[in-house]
């Protein structure tokens, strides 16, 4: 029996989903987040249902100049993928932002859905 860790979703597909969560609106979140999503930010850590998560994306174009540097991707099961990356972006107000980000996706009948998302600002990670 083979124990290979073949990724069933393309990296590009997953990175496009990620970019959408940075730049998309509430409708994007509602369409691409799972029924429930576990989130962890310095100011908030909890399980959120799809509707409440979508409400967090009320402003389109919240971020610009997004750059994602993929650090790792694993598929612990045939229907779950986890990825981690370093993100650099500019906030709507022009302020730069950098974070270490991890996201988990689960495959449903209608595609990959975000079920976990965590961001650690690099300033907090480096003690700046």
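Residue numbers (the working numbering): 5 to 132.
Even for Gly, the Cβ is constructed at its ideal location relative to N, Cα and C.
Since the model is a prediction, treat every value here as computed from it, not as a measurement.
Assigned with DSSP and collapsed to three states, residue 81 falls in strand.
Within its own chain, the residues whose Cβ lies closer than 6 Å to the Cβ of residue 101, once the five positions on either side in sequence are excluded, are 93, 95, listed in chain order.
If you ignore the 5 residues before and after residue 40, its C-beta comes within less than 6 Å of the C-beta of 51, 53, all in its own chain and listed in chain order. In the three-state scheme derived from DSSP, where H, G and I count as helix and E and B as strand, residue 59 is classed as coil. Residue 28: not part of any beta strand (DSSP E); DSSP gives it neither H nor E. With contacts defined by Cβ atoms closer than 8 Å, residue 119 and residue 106 do not form a contacting pair. Each of 13, 124, 72, 113 was checked against the Cα of residue 24, and the nearest Cα belongs to 72. For residue 127, the enclosing alpha helix (DSSP H) has its first and last residue at 126-130. In the displayed model, residue 13 falls within coil according to three-state DSSP, outside both helix and strand.
Between residue 126 and residue 74, the gap from beta carbon to beta carbon reaches 8 Å or more. Within the model, the alpha-carbon separation for residue 103 versus residue 35 is close to 24 Å. Cβ-Cβ distances below 8 Å link residue 17 to 116 in the same chain, with the five nearest sequence neighbours on each side left out; the list follows chain order.
Each of 91, 27, 114, 110 was checked against the Cα of residue 124, and the nearest Cα belongs to 91.
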